[in-house]
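Each remark here refers to the structure printed beneath this line.
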Amino acid sequence: MTTPTEAPAVAPETSQGHIDPAARLRGARQPGIPESDEFVPVQTRSERPTSFDPDAFGTPAGTEVNWKHTPLSKLQALLVNEPAPHGVIDVAVSAPDGVEQRRLAVGEAPRGEVFRPEDLPSAIAWTQEAEAPLIRIPQNVELDEPVVVRLTGRGGVAHAHVVIEAQQHSRATVILRHEGTAQQAQNVEVIVRDGAALTLVSVQRWDDDAIHLASHQARVDRDASLTHVVVSLGGGVVRVNPSVELAGAGAGGKLYGLAFSDSGQHLESQVYLHHKGAHTTGDVLYKAALQGAGARTVWIGDVLIGPDATGTDSYEANRNLVLTEGARADSIPNLEIETGDIIGAGHASATGRFDDEQLFYLQARGIAEDEARRLVVLGFLAEIVQKIGIDDLQSELIEAIEAELALTEGSPEASTEASA
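Just so we're aligned: the sequence shown equals residues 1321 to 1740 in the working numbering.
Set out below in structure tokens:
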């Protein structure tokens, strides 16, 4: 099932016979293309063009399918291909023994084995990161403790490309923690080789003025599994777009997300899960709570079941809980199926306020209204927190959610909120 894009009346200038990727993302027809090769606008996530050259994309205009929900006016510093200063973000890595760490130049494997920039910021980050850090879990190694990468912004513009590789039959968890303030374009390239199991958690607890644009691209090989979790609580604009290809037979992907958006905060994820190999399984679940005027979340979920992905079982869902007036949640699920030989596939989306019956049930048992609301929200979001499987981090995130709720209860909007 696909939704056609709208095409603007005028296409940008382009050379004879050359298809401009930026125009293609906008769904524009282009001059100089023969009638027999008439341009067809991008209608599905799988058709999106890629390039390592930032000039191939052009500056987004806001009409492109992948930018039309994002506040471009706040991202201008990350849309300019100019050298960024060093030392904007302090990086501290805590890794158990056995984890390999080194740096990869452009063209040095496995850098670029999976990753293909899909937009201007990720292409700029690719070209500006001369040496990309590699975190490699060696073959047959099972880590008892997670690898923790703490990134603390000091202010300014920063670019990054990180490669995470789980070699055959390894087991590991990697946590990316973002704090402080910066304007960062970040690429995360993930390779999960045969029989490996990797959990990757990206936690955004930036200061209120931070801008974070992240492109995560992963390939999961035969009988391997990836659990990918995005937790966005801080930052002015945070956009984390995971793209996961289940390439090998028997591969599995679990993509989970949690967001809590306050007044004026924009939290976004465009999720793509590509079932390519046979007998692959996918589970996508993102949840968000919103409070305050101008609080905004955007979730776009695309699942492609390819022609060779027989025996696939896949489901994606997005749930949003609006706590106060003036908040907005955009939710767009898409499902594309190219084979009829599957176990199952589906998608769902729901956005609403508190359930009166839930509140009445709790209040009828002597629980005060504020406490009842707190329990409902915690129960709603805790499902994602519990999927992380790391006790310390789970406790930290529950405390952070409770702190957000305390702000909600103390705000003027909370007293005038109408329940649905």
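Cβ coordinates follow ideal geometry from the N, Cα and C atoms, glycine included.
By a C-beta neighbour count over all protein chains shown, 10 Å radius and 16 as the cutoff for buried, is residue i buried or exposed?
{"i": "V1540", "result": "buried"}
{"i": "A1505", "result": "buried"}
{"i": "H1406", "result": "exposed"}
{"i": "Q1524", "result": "buried"}
{"i": "I1708", "result": "buried"}
{"i": "S1552", "result": "buried"}
{"i": "G1352", "result": "The predicted position of G1352 is uncertain, since its pLDDT is 48 and thus under 50; a value taken from the coordinates is nonetheless stated next. Burial call: exposed."}
{"i": "D1373", "result": "exposed"}
{"i": "F1680", "result": "exposed"}
{"i": "N1460", "result": "exposed"}
{"i": "R1559", "result": "buried"}
{"i": "L1398", "result": "buried"}
{"i": "D1582", "result": "buried"}
{"i": "Q1706", "result": "exposed"}
{"i": "A1534", "result": "buried"}
{"i": "L1727", "result": "exposed"}
{"i": "T1379", "result": "exposed"}
{"i": "G1554", "result": "buried"}
{"i": "Q1537", "result": "buried"}
{"i": "V1396", "result": "Before going further, note that residue 1396 is Gln rather than Val in the sequence given. So Q1396 counts as exposed."}
{"i": "R1431", "result": "buried"}
{"i": "V1400", "result": "exposed"}
{"i": "D1375", "result": "exposed"}
{"i": "I1663", "result": "exposed"}
{"i": "V1408", "result": "buried"}
{"i": "G1382", "result": "exposed"}
Sorted by chain position, which residues of the same chain lie with C-beta nearer than 6 angstroms to residue i's C-beta, five sequence neighbours on each side aside?
{"i": "R1456", "result": "E1420 and E1485"}
{"i": "L1496", "result": "V1469 and S1522"}
{"i": "R1312", "result": "Within the shown structure, residues of the chain are numbered from 1321 to 1740, placing residue 1312 beyond reach of any answer."}
{"i": "E1499", "result": "T1472 and R1525"}
{"i": "M1321", "result": "In this prediction, M1321 scores a pLDDT of 43, lower than 50, which makes its location untrustworthy; the coordinate-derived value is nonetheless stated afterwards. Excluding positions up to five away in sequence, the list reads L1655."}
{"i": "D1357", "result": "Bear in mind that a pLDDT of 49 at D1357, under 50, signals an unreliable position, so the number given afterwards is only what the model happens to contain. Counting only Cβ-Cβ distances below 6 angstroms, and skipping sequence neighbours, we find nothing."}
{"i": "E1722", "result": "none"}
{"i": "G1646", "result": "A1613"}
{"i": "E1565", "result": "R1539, H1594 and K1596"}
{"i": "F1700", "result": "L1641"}
{"i": "E1355", "result": "Its pLDDT being 48, under 50, E1355 is placed unreliably in this model, and the value from its coordinates should be taken loosely. Within the same chain, E1355 has no close Cβ partners at all."}
{"i": "Q1714", "result": "V1705 and I1708"}
Closest by CA to residue i, which one among the options?
{"i": "G1573", "options": "A1534, T1671 and S1634", "result": "S1634"}
{"i": "S1414", "options": "D1690, R1436 and T1493", "result": "T1493"}
{"i": "A1609", "options": "A1598, E1636, L1578 and L1593", "result": "L1578"}
{"i": "P1453", "options": "R1422, D1464 and G1382", "result": "R1422"}
{"i": "R1693", "options": "T1644, W1619 and A1450", "result": "T1644"}
{"i": "I1620", "options": "H1389, Q1714, E1722 and K1394", "result": "H1389"}
{"i": "A1637", "options": "V1623, T1630, D1628 and G1631", "result": "V1623"}
{"i": "V1618", "options": "E1451, F1580 and E1703", "result": "F1580"}
{"i": "Q1448", "options": "E1462, I1511, D1464 and L1424", "result": "L1424"}
{"i": "T1659", "options": "D1650, T1632 and S1669", "result": "T1632"}
{"i": "A1665", "options": "E1451, S1442, D1650 and G1626", "result": "G1626"}
{"i": "V1512", "options": "W1446, F1377, V1434 and S1442", "result": "V1434"}
{"i": "Q1503", "options": "L1440, A1517, V1477 and W1446", "result": "V1477"}
With residue i as the anchor, note down where its beta strand (DSSP E) starts and where it stops.
{"i": "Q1421", "result": "E1420 to A1425"}
{"i": "L1454", "result": "E1451 to I1457"}
{"i": "N1654", "result": "R1648 to I1657"}
{"i": "E1367", "result": "Premise fails: E1367 is in no beta strand (DSSP E) and is neither H nor E."}
{"i": "G1666", "result": "G1664 to G1672"}
{"i": "W1619", "result": "R1616 to I1625"}
{"i": "L1578", "result": "G1572 to S1581"}
{"i": "H1742", "result": "Examination of residue 1742 is not possible in this model, given that the chain is present from 1321 through 1740 alone."}
{"i": "T1601", "result": "T1601 to L1610"}
{"i": "E1636", "result": "D1633 to V1642"}
{"i": "I1409", "result": "I1409 to S1414"}
{"i": "R1436", "result": "Segment: none, R1436 is in no beta strand (DSSP E) and carries neither H nor E."}
{"i": "Q1537", "result": "I1531 to V1540"}
{"i": "A1743", "result": "Only positions 1321 to 1740 of the chain appear in this structure, which leaves residue 1743 out of reach."}
{"i": "V1551", "result": "S1545 to S1552"}
{"i": "N1561", "result": "V1557 to L1566"}
{"i": "Q1590", "result": "H1586 to H1595"}
{"i": "A1517", "result": "A1517 to Q1524"}
I need the boundaries of the alpha helix (DSSP H) containing residue i, first residue and last residue.
{"i": "L1682", "result": "D1676 to Q1683"}
{"i": "P1441", "result": "L1440 to Q1448"}
{"i": "D1690", "result": "E1689 to Q1706"}
Tell me which residues share the same chain as residue i and place their Cβ nearer than 8 angstroms to its Cβ, disregarding the 5 neighbours each side in the sequence.
{"i": "I1687", "result": "L1695"}
{"i": "G1672", "result": "N1640, L1641, V1642 and A1740"}
Near residue i, which residues of its chain fall below 7 angstroms by C-beta distance, leaving aside the five closest residues on each side in sequence?
{"i": "P1391", "result": "V1557 and H1586"}
{"i": "T1501", "result": "G1473, G1475, W1526, D1527, D1529 and A1530"}
{"i": "P1458", "result": "G1418, E1420, Q1487 and S1490"}
{"i": "P1466", "result": "T1493, V1494, I1495 and I1710"}
{"i": "A1567", "result": "R1539, V1540, D1541, K1596 and G1597"}
{"i": "S1371", "result": "P1341, F1377, P1437 and A1443"}
{"i": "S1651", "result": "W1619, N1638, N1640, S1669 and T1671"}
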